[in-house]
Each structure stands twice: as C-alpha cells, then as structure tokens.
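Before any comments, here is the structure.
Residue numbers (full-length UniProt numbering): 1 to 438.
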C-alpha cells in the first residue's frame, strides 16, 4: 500500500526545519544513482486531494528515520525508532532505523571506537598502583560494591577494598535492589571505614539511578562502571562464592530464617571476619620468622619494611599493556576453546569404538546415600541424607534404575540412580591424610 503525505509536513519534520521542497530534494538525492526512467518520480502531487503520493514507501520510511536519528543524537537504532513513533506510526520502522544507523558516518566512527572499548580491561587491574594505595593507609578508599541475594527477602550489601582485598558484608533493610538500598549500604560502609574516593560498580538499575549517582557525587565519591559486555566480573563477585561457602558451613538456612535483624548482623560480621582471615601469602625474613599476611592485617595498617607484597626488582619500567589486553584475551579464549573442543572430539571418538563396560551392582538395603535435590536458595546445600530401603523395578541385567530412599525426616521417595551417591564415612585421620579433600 502507498503511504500518503499531506502537503503540510508532520510535526517532527516541521520542528527540524524541513519543507516540502526539502523533502523532494533529499529523497531525489538519495535516488541519484537510480534509473528514473523505470521508477518514475519520487512523488506525485494530487491537486484534488492536496496530497503528495509516495511511490515507494521505503524512501518515506528512510526519510522519517533520518530525521528521527538526527533528533535522537545518533543514539542507535532503539532511540531512533522511539523518535519515529512519536510523530507517526510507520510499519517497518525498526528496519529503516537500522538502515540509517548503518549508513550514518558519525555512528560508523563511534562503532570503530567502541569496538575496542567494549571489552575493556578488568576494573582496578592496571588503573591503580596497589603499592601506593597500601602506603596511604586508608582502606576502602577505592572500593568495589555489589548486592548479594541470600534467600527471598534477604539482601546483603557487599564491599571489597581494591588495595587490601578486605571484604565487608552489611545487611540491607530493603528486600530488593533499589537506589535507597545502595545509598544505605554506602553510608554504612563509610561510617565504619571512612571516606570513599572511587567506587567501582556494575550497571545494575540500583547503581545507575540518578538518585544514587547524585547522592554519591555530593559525598565526593567518583563512580566508575563496569563494562556491560565483558568476559570478566567485578572484583567483589569473586568473594561471593567464598562467603556463601563459609555461610553454609557455619549456619543452616533454618537458623538464618529464624534469626533476628541483630543476629543477622552478627552473622555477616562473622562471615566477613572468616573471609578476611584467609591467608594471602607468608612473609619470611629469616629461617625461623614466618608472618602470615591476611586481608584483615593489611586493612588494619600492617606494613613491611619493603612496603610492598613482593620483593622489589630493579629493572626497566614495564610497558602499559592495558590497550592490548582485549586482543590478548581474544587469543587466549580462542586457544582455550580449541583445546577443549579437541578433547571433546577425542572422547567422542573413543566412546564410539568402546565396548559396553560392566554395570555397577545395585546398592544394598540400608546403605547411607546422598541424594541431590534442587537448591531452593543460595544457602541451600542441595544434598539430603538418607538410606536405601528397596530397589524399585530392577532391570533384567540386574542394574538398578530407581531406589526407594528414606530420609532423616522420615519421608520416603523414589529417586533415580543418577541422583543417588553412596556416602563413605571415614575417620578424621583419613581426612587429614587426604588434606581435607573430603
């Protein structure tokens, strides 16, 4: 169907200074390389209806997208489509907007610049001199912030010092991530550790909101956001898994669910203390002098005579490879994938020519087993303890497919043999010989 355009242009085109003659000029310039003898004119004016008939709807959509793209400030296809729909509803607006963005020269230059910056180097990697940060003696002056959901309704505000790797968990009074929860967490952190200079954040809605940004700028805190698309994570993400593991070992989900707000604050302080007490390295000045370095000691003012964690090496200055890291990462990733895909091909080829092995005999009645279950939240262990009651419908070859398991709570259920693992109980001495591998 042909699109009709009145002699009086739409509001969007009027605001941009377009006239009817300008519309004709722009469209005909776009068709300069076309064969006019076959396509005819771009417009046909009907004096009876006072309308301009567009012979090709594609050109009209392109013109509207061109005007909307200029008003959107070269923001991309999505803002261009939004600006187009404000004036007039056009079918196929997304295609025209993408076409304009692809042919736009400023957008092409911006894409060339952003391609190398899309995967920028990890936060706080080469931006800061850790030696200089340790000499200042101010922990959490450069910090990374994030939220952690433990279970429904329980939110933790986590902070990690870039210089000392010190971690602090604070309980949030809000159940969901929001700007108020982020501001509350930053104020709790500053009341305990002092002034913050720079905060590294992800691009969550709580951290990118204007309320949070304005509040921290008033406090004199500089905000630096993590790349939206990057193969690595923020430094505080690495401590989440460690903290959750410590929390599961010391507390059960039932204990945490019955705990009051004050008890939860003590629990989070306990978990933070255990995380910050993990040895980072051992400093030795002699044969009998061994000093364990932890994040807690670094944050509380521990320094050495050398002033750095590693011995000083007198050599030329190291070149800044920050710009080449995305290219190096691409090579490493490609090599990694090629290696593992080759291993997978080798295993598949061996499995095709391998004979069927001997099946594992069924588990005896009364055997203590561990049954895998779905985790209800991040604090759930995902394993239930029980014992075998009976073998359900064994196959002809004697291989058990399903077991009837009775759990410690007294309930029974039928479980697949894939989810049932026999539990081996041994002494503490054997556990020490295995270096805690159990």
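In this text, a Cβ means the ideal position worked out from N, Cα and C, and glycines have one as well.
On a predicted model such as this, the values are computed, not experimentally measured, just so you know.
- The three-state secondary structure of residue 399, taken from DSSP, is coil.
- Taking each of 420, 222, 410 and 387 in turn and checking the Cα distance to residue 400, the smallest one comes out for 420.
- A direct Cα-to-Cα measurement between residue 263 and residue 364 gives close to 44 Å.
- Annotation: the continuous alpha helix (DSSP H) that includes residue 215 extends over 210-218.
- The DSSP-derived three-state label of residue 235 is helix.
- Bridge partners of residue 380 according to DSSP: none are assigned.
- Between the segment 98-111 and the segment 60-67 there are three or more inter-stretch CB-CB distances shorter than 8 Å, so the stretches are counted as touching.
- Counting along the chain, the unbroken alpha helix (DSSP H) around residue 179 starts and ends at 179-193.
- Membership of residue 253 in the alpha helix (DSSP H) is indicated by the continuous run 253-258.
- Between the segment 133-147 and the segment 188-196 there are three or more C-beta pairs closer than 8 Å, enough to call the two in contact.
- Counting C-beta pairs closer than 8 Å gives three or more between the segment 261-281 and the segment 292-301, which meets the contact rule.
- DSSP places residue 347 in the helix class (H, G or I) of the three-state scheme.
- In the DSSP secondary-structure assignment, residue 268 is not bridged to any residue.
- Looking at 335, 380, 238 and 183, the one whose alpha-carbon comes closest to that of residue 252 is 380.
- In this structure, the straight-line span from the alpha carbon of residue 208 to that of residue 223 is close to 10 Å.
- Look at residue 293 here: in three-state DSSP terms it is strand.
- A Cβ-Cβ separation of about 7 Å places residue 172 in contact with residue 156 under the 8 Å criterion.
- DSSP, reduced to helix, strand and coil, places residue 171 within a strand of the structure shown.
- In the three-state reduction of the DSSP assignment, residue 333 falls in the helix class.
- In this structure, residue 179 places its C-beta atom within 8 Å of the C-beta atom of residue 206.
- Per the C-alpha coordinates, the member of 94, 282 and 385 positioned closest to residue 78 is 94.
- Residue 149 and residue 242 have their C-alpha atoms roughly 14 Å apart.
- When 73, 374 and 175 are compared, the shortest CA-CA separation from residue 261 is found for 175.
- In the assembly as shown, residue 169 is a buried residue. Its beta-carbon has 16 or more other beta-carbons within 10 Å.
- Between residue 255 and the set 201, 387 and 151, the nearest pair of CA atoms involves 151.
- Boundaries cannot be given for residue 104, as no alpha helix (DSSP H) includes it and DSSP labels it neither H nor E.
- Closest option to residue 154, judged by alpha-carbon separation, among 342, 369, 265 and 382: 265.
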